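**Q**
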Amino acid sequence: MPPHRKFYNCELNIENYHCKRCHFQANLTIFLKKHTKKCHKTISENLPNEIYTVKSYICKNCTFETYFPLKWLQHTTTCTISENKYLHCDQCPYKSKLPKSLEMHKIRAHFNKDSPKNGKKDGKWYKCDQCDFKTMYRHLRDHKITKHLKDDEIQWHECDDCDYKAKNKRYLTLHRQMHHMDPTHIKWHQCEKCQFKTKRNHTLKLHISTQHLSDSETEWFQCDKCPFKTKLKVYLKSHVGTLHSNKKWYRCEKCLYKTRHENFLNDHTITVHADEMDVKWYECSQCSFKATNIKYLKSHLRNIHLNESEIVWWNCDKCVFRSKYKSALKRHIVNKHLGDSEIKWNQCDKCTYKCKDKFSLQSHVKLKHVNEGEVEWFQCQKCRFRTKRKQNLNKHLIKTHATE
């Protein structure tokens, strides 16, 4: 047996793909396609595309199954690793079976950008020539496409089944998996500790990290400018961008609204200022509900149309409270189960008011400390009533004009 076979633990049940025009064979379809294109180009141009049956590769030690041989090979080398074969981070409880994963963890979680001693072995940064963005990974092209190219300069990747389009091909692939794949062909990733399941392995990992790992087992992302820490890198980015950066404000041209996130401004413009005829509506297939953003439609479906058995509930471990939303569970715990000394209070900088959640503080400032001329008023279209809070306008419409 050749020496290199030992790396794969003799799990060589990969069957070769055979060329139907010569004796060439390969263990990956991509090699077969390249061969066909190179050696049989004139023939293949006049023939319809041939369909090769994709084989499924199954691990004999667990339930892992994949259509990708390289993923299967990688899995078989790590599946039987014992606890003493794990690679441990020397700065936190994180552990991994793969050296590359440990290296990436150290860069993400413990790297000090300002220290010349840290970083990649070659110390190479990929820097954007149009802003101060830099990365250790080869994501600079994605950054330039997303942040600096105009819409008419981008080569869009369009979905064949709907009007969705993406700036990045992998986003289109994810979109197709999430929205257009035949349910019978979906490989669900099921949590072993609860009923949660998802179409994406990455989402399952996030779920396990946030729901089932203790604080000591969690890979925390720590802000280097304040005590804030989080289990998700995206939340750390949002925190730094909102509180610690000189990132520009995106201001509404029609009112005083401003935000540091361009997508929030787009949502605001559509929701508050767009003519109803110009809006692209996402309609519920089960009732008359429609929304300007697909996330609101998903929220509606989860709240109104899911059977109780299909709902992933967030349960309080101190009482019988449960919610469909993690954020609602967090608010419940803060309001009902934490003592005053355990709460991080949100303090108004203009008076003695303080509250337990940021949203209540924002509402307080808008109601008590913003001049009338600076307020974004919500005006009733059927009478002279107006209010500073959209929910109050909704209550007014139901109470006063519902029968009209």
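Taking my numbering, the leading residue of the sequence shown gets -12, the next gets one more, and so forth.
Beta carbons are placed, not taken as given, at the ideal position from N, Cα and C, and that holds for glycine.
Please read all numbers here as calculations on a predicted model, not as lab measurements.
Give me the residue from Lys156, Val221, Phe120 and Asn333 with the minimum Cα distance to histidine 351.
**A** Working through the sequence shown from its first residue, we reach residue 351 at position 364. Ranking Lys156, Val221, Phe120 and Asn333 by Cα distance to histidine 351 puts Asn333 first.
**Q** Applying the criterion that 16 or more other CB atoms from any shown protein chain within 10 Å of the CB defines a buried residue, is leucine 392 buried or exposed?
**A** This structure cannot settle anything about residue 392, because the visible part of the chain is limited to -12 through 391.
**Q** Which class does glutamine 164 belong to by DSSP, given the choice of helix, strand or coil?
**A** As a first step, residue 164 is located in the sequence shown; it is residue number 177 there, counting from the start. If DSSP states are grouped into helix, strand and coil, glutamine 164 belongs with the helices.
**Q** In the structure shown, what three-state DSSP assignment does isoleucine 298 receive?
**A** In the sequence shown, counting from the first residue as 1, residue 298 sits at position 311. Of the three classes helix, strand and coil, the one that applies to isoleucine 298 here is coil, per DSSP.
**Q** Where does arginine 309 fall in DSSP's three states?
**A** Taking the sequence shown and counting its residues from 1, one reaches residue 309 at position 322. Strand at arginine 309.
**Q** What does the alpha-carbon distance come out to for the pair lysine 341 and valine 357?
**A** In the sequence shown, the residue the question calls residue 341 occupies position 354. In the sequence shown, the residue the question calls residue 357 occupies position 370. In a straight line, the C-alpha of lysine 341 is about 17 Å away from that of valine 357.
**Q** For histidine 92, count the other beta carbons within 10 Å of its own beta carbon; 16 or more makes it buried, fewer makes it exposed. Which is it?
**A** Counting from 1 along the sequence shown, the entry for residue 92 is found at position 105. The residue is buried, with at least 16 neighbouring Cβ atoms inside 10 Å.
**Q** Can you tell me whether serine 83 is helix, strand or coil according to DSSP?
**A** The residue labelled residue 83 in the question sits at position 96 within the sequence shown. In the structure shown, serine 83 sits in a strand (DSSP, three-state: E or B).
**Q** Is the beta carbon of histidine 135 closer than 8 Å to that of glutamine 164?
**A** Reading the sequence shown from its first residue, position 177 is the one you call residue 164. Reading the sequence shown from its first residue, position 148 is the one you call residue 135. No, the pair does not count as a contact, with Cβ atoms beyond the cut-off.
**Q** Classify tyrosine 4: buried if its beta carbon has 16 or more other beta carbons within 10 angstroms, exposed otherwise.
**A** Here residue 4 refers to the residue found at position 17 when the sequence shown is read from its first residue. Tyrosine 4 comes out buried.
**Q** So if DSSP puts lysine 235 in a beta bridge, which residue, or which two residues, is it bridged to?
**A** Here residue 235 is taken as the residue at index 248 of the sequence shown, counted from 1. Paired residue(s): none; lysine 235 is not in a bridge.
**Q** Return the CA-CA distance between cysteine 146 and valine 259, expressed in angstroms with no decimal places.
**A** Within the sequence shown, numbered from 1, the residue matching residue 146 stands at position 159. Within the sequence shown, numbered from 1, the residue matching residue 259 stands at position 272. The straight-line gap from Cα to Cα measures roughly 29 Å.
**Q** Less than 8 Å between the beta carbons of tyrosine 269 and leucine 284, yes or no?
**A** As a first step, residue 269 must be located in the sequence shown, where it is residue number 282. As a first step, residue 284 must be located in the sequence shown, where it is residue number 297. Contact flag set, yes.
**Q** Using the Cα positions of cysteine 26 and threonine 185, report the straight-line distance between them to the nearest angstrom.
**A** Start at 1 with the first residue of the sequence shown, and residue 26 comes out as number 39. Start at 1 with the first residue of the sequence shown, and residue 185 comes out as number 198. If you take the alpha carbons of cysteine 26 and threonine 185, they lie about 42 Å apart.
**Q** So, using beta-carbon positions, are leucine 15 and proline 56 closer together than 8 Å?
**A** Translated into positions along the sequence shown, residue 15 becomes position 28. Translated into positions along the sequence shown, residue 56 becomes position 69. Result yes, Cβ atoms of leucine 15 and proline 56 sit closer than 8 Å.
**Q** In terms of DSSP beta bridges, what is lysine 114 paired with?
**A** As a first step, residue 114 must be located in the sequence shown, where it is residue number 127. For lysine 114, which the question treats as bridged, DSSP gives the partners Lys121.
**Q** If contacts are defined as beta-carbon pairs under 8 Å, then histidine 144 and lysine 156 qualify, I think. What distance do you get, rounded to the angstrom?
**A** Along the sequence shown, read from residue 1 onward, the residue named residue 144 stands at position 157. Along the sequence shown, read from residue 1 onward, the residue named residue 156 stands at position 169. Correct: roughly 5 Å between the Cβ atoms.
**Q** How should phenylalanine 346 be labelled, buried or exposed, when 16 other C-beta atoms within 10 angstroms of its C-beta is the threshold for buried?
**A** Here residue 346 refers to the residue found at position 359 of the sequence shown. When all chains shown are included, phenylalanine 346 counts as exposed.
**Q** Does the Cβ of histidine 167 have 16 or more other Cβ atoms within 10 Å, making it buried, or fewer, making it exposed?
**A** Within the sequence shown, the letter at position 180 stands for residue 167. Exposed is the call here.
**Q** Could you give the distance in angstroms between the alpha-carbon of isoleucine 17 and the alpha-carbon of threonine 23?
**A** As a position in the sequence shown, residue 17 is number 30, starting the count at 1. As a position in the sequence shown, residue 23 is number 36, starting the count at 1. Using only the alpha carbons, I get a separation of about 10 Å.
**Q** Which value, in whole angstroms, describes the spacing of the CA atoms of aspartate 327 and cysteine 338?
**A** As a position in the sequence shown, residue 327 is number 340, starting the count at 1. As a position in the sequence shown, residue 338 is number 351, starting the count at 1. Rounded to whole angstroms, aspartate 327 to cysteine 338 spans 19 Å at the Cα level.
**Q** By DSSP, does histidine 388 sit in helix, in strand, or in coil?
**A** For the purposes of this step, residue 388 is taken as residue 401 along the sequence shown, with counting starting at 1. Reduced to three states, the DSSP call for histidine 388 is helix.
**Q** Give me the Cα-Cα distance between glutamine 177 and lysine 47, rounded to the nearest whole angstrom.
**A** What you label residue 177 is simply residue 190 of the sequence shown in a count that begins at 1. What you label residue 47 is simply residue 60 of the sequence shown in a count that begins at 1. About 19 Å.
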